[in-house]
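Peer 1:
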Amino acid sequence: MTNYIFWLYHVFREQILDIPGRVIALVFFILILLLPLITKEPIVLRIFTFAAIFAIYAASWDLLAGFTGQVNLGHALFFGASAYTVGLLSIHFHNLPPWFAVSAGSVAAVMLGLLAGLPALRLRGFYLSLVTLSFPVILSGFILLFHELTGGEVGLYGIRPLSNSRIIDYYIINLIMIFSVLVMWKLTDARSKIIRLGVILAAIREDEIAARASGIQTTKYKLLSFAISGFFGGVAGGIYAHFMRTVGPSVLEMTFSFEAILWTILGGMGTIYGSVTGVYILYLFVEFLRFHPIGEQIRFVLFAIIMILFLLFMPQGICVWVRHKIEIQCRRCKIINLVTRHYCRSCGAPLRLER
Amino acid sequence: MIELIIINGLVYGGVYAVLTLGFSLVFGVAKLLNLAYTAYYMICGFIIFVLATILGVDLIPSIIVAILITCLLGMISYEVCLARVKEHEVTVLIISVALAILFQELFLLIFGGDYRRIPPFVTGFLEIAGVRVTYQHFIAIGICLITLISVGLLLSKTKLGYAIRAVAQDREIANLMGINVDRVYILTMVISVALAGIACAVVSPIFMVHPLMWVHSLIIVLAAAVLGGLGSIRGSVIAAFILAFTEVAVVTLVPGGSFLRGAVSLGVMIVVLIVKPEGLFGIVFEEERL
Amino acid sequence: MITFYNKKNDWFKVILISLLFSTVTTLAYASQPVSTLKKIKIGVIGPMKFGVGQQEWWGAKIAADEINGAGGVVVKGVKHEIELVKADSNETKSTTDAVNAMEKLITFDKVNFVTGGYVAEPVLAMQEVIADSKVIYIGGAGTQMLTERVAKNYNRYKYYFRNIHSNETMFSSVIFSLIDMEVEKIRTELGISKPRVAFLLDKIQACEVMPEIGRTLLPKMGAEIAGVWRTSMRADDLSAELTAIKASGAHIIYHFLAGPSATVFSKQWGELRIPAATAGYNNELPWKRHWKDTNGMCEYEVGFCNIGRTEMTYKTIPFFDKFLRETGEYPTDHSSTYDNVYILKEAVERAGTLETEAVLGELEKTNSIGTRGRIAFYPRGHKWPHDKVFGAEYDTQVGVQWQKGSLMVVWPDGRHVVGGLDDKSMIGVKYKGTVDYKLPPWMVEYWKGKTGK
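Chains as they are written, first to last, in our numbering: chain A, 1 to 355; chain B, 356 to 645; chain C, 646 to 1098.
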């Protein structure tokens, strides 16, 4: 028994504590979970809950665009489809447990995603992006068309809440966020020996023709990434519907799709933690500025200026830059070390070339 | 019924074609998907609004000044933002979106979100085959034709036009041949922004200016550019007309569904792209086709 | 060109940005409002960057200034001052922003009551916030769904009252009354026995019932339907719809345009000289700036609004003139926040406390004269509880028409009352200052030239 605990401790130390980037992630998760102990202000909890929902949403976009190179300008489709499915199910079948409704919503989002992914197979680059832009618009059109079912432009109401208290809502949603982000990260980790999906996606992103030449069925994996991305986007949309208790066509807005992209790019595309970072930095910044009377007016202008500055000077994202500052990769064994070390922690090779 | 569709389709098509021209030009030459294109169109509109409506300057001089200022702004934003990142296509896309949002929020802050009017060139309408079309719409079509022809002449007859076409075909060889590629990029940017300005001058008396006008126009411009084939100017103009006819057909034949006209035109675009993935007149290299 | 490629400048950028970030956020958090005891805080929430939000703010501000100047609100002998807290809901762009703004008003600024609101979907979401926090919200957005919710779950949603808009049944009854007036005019002046009515409606929930009601009511009036067009609220160009409507031979356009497309409609209707009278709701029509915005093309256009410069009550004309003086604009529907502040004051004074349940009870019993009419709310058990009462002496709305650059009131004219409510109690109601409705001269010319249907 104690052997098992020791083994667990060793894994923990090796996988997490020795890698500075992951330490930051761990600290971040702990702080998120401890937040209700610091403040119980409902507005603060609400903002952080929205941040968690949008973190899942942005991470699911990153999974599609950062890892397979298919820039999806209409990601709100998954979010909105799932939110409406959850809304419709919850209203017509009262007391449907939220986990069931959210799963159903995510499945609906995946189906729509695959439907959207099919024309995407023949298209490439900008054509793909611009076609994906139109899907949420078309879905909005359907929603307005079947207004008796969907409540038209006003939306649906009467969705059952996740729980009775704001704090329990907060914990449920943040635990879902942590879990989803970790799952998404593990799925796309190119270093994993067990799950090969990450390596394959990286190969497709870098050079699709070469990947095909190596025997990888790119079509299947591109559709798979659409499906996974749609699933997690749907999870975000589903819990949004339960949290807000109403759903309206604003979940399909074009600007909402763009926001996912902007958040992810700030944090760093091609890394799941990048999009989470982007959301927590930028969304919280814009929201907390609302407390200041002048800030309330100019917060979106500041948002745009910060985005432009980052895109000009740090287009790879803030996470990559931070990682570069605190980590260094050993040239021999490719293990990540703390930047202050002189020798690699596993193979002992010198980390820097001395004069 | 049918004359309604034809005439209104021509009217709307002219308007959309004017909007799409500049976007296609800059993409065809510099391969920059500049989503802030319609934001320049909005900026020009607001400058005209400030000059003509608030300050009371005459319409034609205020339009000329507005176009000049917008071109300057376009050049500055190109130099500052787009030039250094033009290698990375996705970054260009995103930075142009951020730029458009910046302009939108600035104008929202200064002017508020309500629709503002621009004085029209002429008031009044003409009746053709029972269909009434305002003179302003005619001017829009007329200007579209004139700009199309002049841009066509520019590209085919002048030295600058040759340079632009050369850079569009193959940037590196053009550079080797002694063409100053950076200068060509800047000039193309200026021409494109000027086209956006002209589009604004003729279209905003019909549409009215407001800080969110770039969103709707962007969807039309993108749909037309993609449908016609990115990089083909002829294609984007024809596609603009196709989309306009679709919209007008929806409005006329299915009046209860005229709110769907945006969605239907996008649907048409998707269908065409499934059949022909590079658009109607798009250029694709055989080795890129999978 | 300065390049920022070396390491030193990396740090410089980061330090700069984090300094900016931290100063702004600490300033933000540090500038918390300090609540003192003897104040009543009323939150005004709305899209403040748009004219509608400004109307809501001005209406509330004028009322608050008047009340504070006259000695404030007296609660059990203690004088209280009204403090207004402005919140920009940004509702036209983002529902999450609206919900956050409402939550901040209630839990952070700790307001006692809230008023305002414009777009239906964010108001629907904001109802959840006020239901959770149990704060009274006198709101807007004219769709029946919002008060039907109160009926379905009274105990949770009873904190929502509506005194800014009516709902679509009231709207329809007003518009059909206007159409009745116009039908009579068309019959007498143009000799057309069965006028055709075209519907041009936004694609919104509130408009879904209107063609149906038309199918039953119009034949009774001796009119028929020419066609139904549904447009998007943000349409830029309605010339295709307008020319199609003209081609259908319509004599009257029943329109309901609650978004920015309303100005485009007025402008193009006038520019194209569409030979049809208009009757309906045009969001922008009752504004003073509408004349300039449409280059005068809105002349002869008819719409309705909940206030007009006639003697609806003794308060109407003084309020209208004061509003015009202080803001330079005519008061329109959303300036009802003026009345909302007054009825809150009265409810608080009657209840003798700021405690929500007591004030709610008194608010339900409101029966006082406002600027539009007598204000009262439908009680629990009605199909639209907490919606404002509609009818003679209460809220009647007025039909307005631009004539020679001035906005004139043309309805109620004492005779034409048709409605989904069959509210005959309005017959005989005509306010002092109402003038006759006029047909557009180009329409008269056009139809006199034809034999008329």
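From the three backbone atoms N, C-alpha and C, an ideal C-beta is built for every residue, glycine too. All figures in this text were calculated on a predicted structure; none of them were measured in a lab.
Would you say the stretch 939-953 of chain C touches the stretch 1038-1046 of chain C, given that touching needs at least three Cβ pairs under 8 Å?
Peer 2: yes
Peer 1: Starting from E701(C), follow the alpha helix (DSSP H) in both directions and report where the run begins and ends.
Peer 2: G696 to G714 is the span of the alpha helix (DSSP H), which, as asked, contains E701(C).
Peer 1: Going by C-alpha distance, which of F231(A), W99(A), P136(A) and F300(A) is nearest G617(B)?
Peer 2: P136(A)
Peer 1: Find out if the Cβ-Cβ distance for the pair S613(B), W874(C) is shorter than 8 Å.
Peer 2: yes
Peer 1: Taking L34(A) as the reference, give the member of I47(A), Y171(A) and S106(A) with the closest Cα.
Peer 2: Y171(A)
Peer 1: Under 8 Å, Cβ to Cβ, is there at least one residue of chain A near V795(C)?
Peer 2: no
Peer 1: Taking 7 Å as the cut-off, does the CB of A715(C) come closer than this to any heavy atom belonging to the ligand MG?
Peer 2: Absence of the ligand MG is noted for the structure shown, with no ligands found whatsoever.
Peer 1: Among all the DSSP beta bridges, which residues are the ones paired with D1040(C)?
Peer 2: F1035(C)
Peer 1: How about V764(C) and A786(C): are their beta carbons less than 8 Å apart?
Peer 2: Yes.
Peer 1: Please state the DSSP three-state secondary structure of F476(B).
Peer 2: coil
Peer 1: Give the interface partners of N535(B) over in chain C, defined as CB-CB distance under 9 Å, in chain order.
Peer 2: Neighbours of N535(B) on chain C: none; closest Cβ ~16 Å, over 9 Å.
Peer 1: Where DSSP assigns a beta bridge to T752(C), which residues make up the other side?
Peer 2: The secondary-structure analysis by DSSP pairs T752(C) with nothing; it has no beta-bridge partner.
Peer 1: Specify the secondary structure class of M1053(C) as computed by DSSP and reduced to three states.
Peer 2: strand
Peer 1: Quick one: measure Cβ to Cβ for I318(A) and E327(A), integer angstroms, because I've assumed they're closer than 8 Å.
Peer 2: I318(A) to E327(A), Cβ: 14 Å. No contact.
Peer 1: Which residues does DSSP list as the beta-bridge partners of C950(C)?
Peer 2: V1043(C)
Peer 1: Rounding to the nearest angstrom, what Cα-Cα distance links L641(C) and E527(B) in this structure?
Peer 2: Nothing about residue 641(C) can be read from this structure; chain C reaches only from 646 to 1098.
Peer 1: Using a Cβ-Cβ distance under 8 Å, would H565(B) count as near chain A?
Peer 2: For H565(B), the nearest beta carbon of chain A is not closer than 8 Å to its own beta carbon.
Peer 1: Using 8 Å for Cβ pairs, my map puts K967(C) next to I707(C). What's the rounded Cβ distance?
Peer 2: 7 Å
Peer 1: CB-CB under 7 Å to A743(C), same chain, minus the five flanking residues each way: which ones, in chain order?
Peer 2: S734, N735, E736, P767, A770 and M771
Peer 1: With E916(C) as the anchor, note down where its alpha helix (DSSP H) starts and where it stops.
Peer 2: For E916(C), the enclosing alpha helix (DSSP H) stretches over residues S906 to E916.
Peer 1: Since R124(A) is in the alpha helix (DSSP H), which residue starts that stretch and which ends it?
Peer 2: No alpha helix (DSSP H) contains R124(A), which DSSP labels as neither H nor E.
Peer 1: With the cut-off set at 8 Å, would you say I294(A) and I53(A) are in Cβ contact?
Peer 2: Contact: no.
Peer 1: If you reduce the DSSP assignment to three classes, tell me which class V719(C) lands in.
Peer 2: DSSP places V719(C) in strand when its eight states are reduced to three.
Peer 1: Identify which residue in I687(C), R970(C) and F1035(C) has its Cα closest to the Cα of H810(C).
Peer 2: F1035(C)
Peer 1: Alpha carbon to alpha carbon, what distance is there between I176(A) and A58(A)?
Peer 2: 14 Å
Peer 1: Touching or not, the stretch 437-453 of chain B and the stretch 418-429 of chain B, by the rule of three or more beta carbon pairs under 8 Å?
Peer 2: no
Peer 1: For P416(B), count neighbouring C-beta atoms within 10 Å of its own C-beta (all shown protein chains included) and say buried if the count is 16 or more, exposed if not.
Peer 2: exposed
Peer 1: Determine the extent of the beta strand (DSSP E) in which I690(C) is found, giving its start and end residues.
Peer 2: K684 to G691
Peer 1: For V1089(C), which residues of its own chain have a beta-carbon under 7 Å away from its beta-carbon, when the five flanking residues on both sides are left out?
Peer 2: E834 and L835
Peer 1: Please list, in chain order, all residues of the same chain as A880(C) whose beta carbon is under 6 Å from its beta carbon, the five residues on each side excluded.
Peer 2: S906
Peer 1: Across the stretch 493-513 of chain B and the stretch 553-570 of chain B, are there enough close Cβ pairs to call them in contact, namely three or more that are closer than 8 Å?
Peer 2: yes
Peer 1: Which of the three DSSP states, helix, strand or coil, is assigned to P931(C)?
Peer 2: coil
Peer 1: Spatial neighbours of T408(B) within its chain, please: C-beta separation below 8 Å, excluding the five flanking residues on both sides.
Peer 2: R471, R472, I473 and P474
Peer 1: Considering only DSSP beta bridges, list what L729(C) is partnered with.
Peer 2: I687(C)
Peer 1: Whose C-beta lies closer than 8 Å to the C-beta of F382(B) among residues of the same chain, with five residues either side of it excluded?
Peer 2: L388, N389, A580, L585 and G586
Peer 1: Please state if the CB of A236(A) and the CB of F67(A) are separated by a distance shorter than 8 Å.
Peer 2: no
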